[in-house]
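Presented below is the structure to which this report refers.
Numbering (the UniProt record's numbering), first residue to last: 1 to 477.
Below, the structure written as structure tokens:
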């Protein structure tokens, strides 16, 4: 229980309150954090602690309107899921407008969508950076992102240092998000509207939020449902877009879409490049799966085995067939395996995809009613930096880190086979050590310079442009 929840328990007899139209709501409304649909989210202080106050107005108080309260109130606390401190319903007379309020901890610095946009702006700045004075907008971008750097990192005000720190921060988010989704699925909850805007980030953590569309499937005999609700089309799974039965795997598809955008961030690729690869009129990922190879091929061209494995994993999460997508626990296992890959001359050498906050000793355990198992850990006898790359990949299969999914659909086997055929030969054909122009401006640390040339006038990749985007407010549905 957080400090805010303890203060609530001391002040109120119940976690959920009932107010009449005449009652005064005992919270002071601060500045707007976000708007969406019929809801507005404000910042408020309760017991000196900043909370997000979500206020929704409706003519009907039913299961749909109270769904988010139900989901969050029945869920045990997890370090990567927002906590419901308290809630209330303020009823009006018949035919009037009712209010549903949620007090949620924490108030984060921004969401992942804003983070990616700001990182993209900094990418362009670093690619063209000289020692000239930064303009006001460039300084603001640096200041904003610097507020998301963990306290333990000691950095200068150099845009390049801030940029590298942000990439390391983004890498750790992969494991944190996967652990949150795994926790939901273990507790038989589907998020059903996962996207970057629903992932909050601050210097001290990451939290999945907005469970208004989530579904508790603990009382169902199967995790599949048939419905045609409209959520966010961009991150829809193919089965939802076609109004077919949906299950936990639709969260995995949305996670794959989110991972793809994040991967472009850590690969120093313009986000606009990814948008340009979804040009079939419908900008949703599922409507453009014919371009899947194009999305991931740019990642495979990177001078990083970690990114190549990540690209293969993302491709599996975006499978058109729901049963071929990996489970959240299997995604975590592959991310752990990625962290064991050799790091010499890898641009992501200092990056970890599963942060210490998600280690077994610090994870908040699922409720006792859960019957699903958490993924096994990587054996300690395979230390990071092992020179034989084939042994690293064999370890993933031999130690059954993705055993369950390999039995179910063979997707993990296909992924490893693809890596062996494509990624490993590429590395074997590369001479030991960095290229001769390793320390010169002609060599790009991410891309092999014979494939994609770089110059100081481009944004890392020649002839690619970037549309600068201002920070946006948090979005809540």
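We treat Cβ as the ideally placed atom computed from N, Cα and C, and that holds for glycine.
When C-alpha distances from residue 287 are compared across 128, 242 and 137, the shortest belongs to 242. Only residues of its own chain outside the window of five on either side were considered, and among them 86, 87, 88 and 89 have a CB closer than 8 angstroms to the CB of residue 17, listed in chain order. Using a Cβ distance threshold of 8 angstroms, residue 259 and residue 209 do not count as a contacting pair. Excluding its 5 nearest sequence neighbours in each direction, residue 59 has C-beta neighbours in its own chain below 8 angstroms: 95, 96, 97 and 98, listed in chain order. If you draw a straight line from the Cα of residue 186 to the Cα of residue 328, it is about 9 angstroms long.
Collapsing the DSSP output to three states places residue 294 in a helix. Of the candidates 255, 204, 254 and 349, 349 places its Cα closest to the Cα of residue 266.
In the assembly as shown, residue 158 is an exposed residue. Its beta-carbon has fewer than 16 other beta-carbons within 10 Å. When only Cα atoms are considered, residue 204 and residue 313 end up about 27 angstroms apart. Short of 6 angstroms from the beta carbon of residue 2, and not among the five residues preceding or following it, lie these beta carbons of its own chain, in chain order: 83 and 105. Excluding five sequence positions before and after residue 196, the CB atoms of its chain that fall closer than 7 angstroms to its own CB belong to 111, 112, 113, 116, 258 and 261, given in chain order. Taking 8 angstroms as the cut-off, the Cβ atoms of residue 5 and residue 33 do not count as close. In terms of Cβ geometry, residue 148 and residue 202 form a close pair [threshold 8 angstroms].
For residue 88, the uninterrupted beta strand (DSSP E) segment begins and ends at 83-90.
If you draw a 10 Å sphere on the C-beta of residue 12, you find fewer than 16 other C-beta atoms in it, and that means exposed. Residue 19 carries a strand assignment under DSSP once its states are collapsed to helix, strand and coil.
When the beta-carbon positions are compared, residue 39 and residue 15 stay at least 8 angstroms from each other.
Taken in chain order, no unbroken stretch of beta strand (DSSP E) lies wholly in the segment 138-180 with a span of 3 residues or more.
A distance below 7 angstroms between beta-carbons, with the five flanking residues on each side excluded, links residue 199 to the following residues of its chain, in chain order: 111, 112, 177, 206 and 208. In the DSSP assignment, residue 58 falls within the unbroken beta strand (DSSP E) covering 49-58.
In the DSSP assignment, residue 112 falls within the unbroken alpha helix (DSSP H) covering 112-127. At least 8 angstroms separates the beta-carbon of residue 181 from that of residue 72. Taking 8 angstroms as the cut-off, the beta carbon of residue 233 is found closer than this to the beta carbon of residue 284. Following the DSSP letters along the chain, one finds residue 199 in no alpha helix (DSSP H) but inside the beta strand (DSSP E) bounded by residues 199-202.
Across the set 244, 163 and 340, the C-alpha of 163 shows the shortest separation from the C-alpha of residue 143.
DSSP places residue 102 within a strand segment (E or B) once states are collapsed to three. Residue environment analysis places residue 22 among the exposed positions, since fewer than 16 neighbouring C-beta atoms fall within 10 angstroms of its C-beta.
Burial is judged here by how many other beta carbons sit within 10 angstroms of a residue's own beta carbon; residue 26 has fewer than 16 and is exposed.
Looking at the DSSP output, residue 192 sits in no beta bridge, so it has no partner there.
For the pair residue 173 and residue 93, the Cα-to-Cα distance works out to about 46 angstroms.
Between residue 311 and residue 302, the alpha-carbon positions lie close to 10 angstroms from each other.
Between residue 141 and residue 122, the C-beta gap is smaller than 8 angstroms, which places the two residues in contact. In the DSSP assignment, residue 46 forms a beta bridge with 49. Annotation: residue 193 to residue 333 spans about 24 angstroms, alpha carbon to alpha carbon. Inter-residue distance for residue 191 and residue 69 is about 14 angstroms (C-alpha atoms, whole angstroms).
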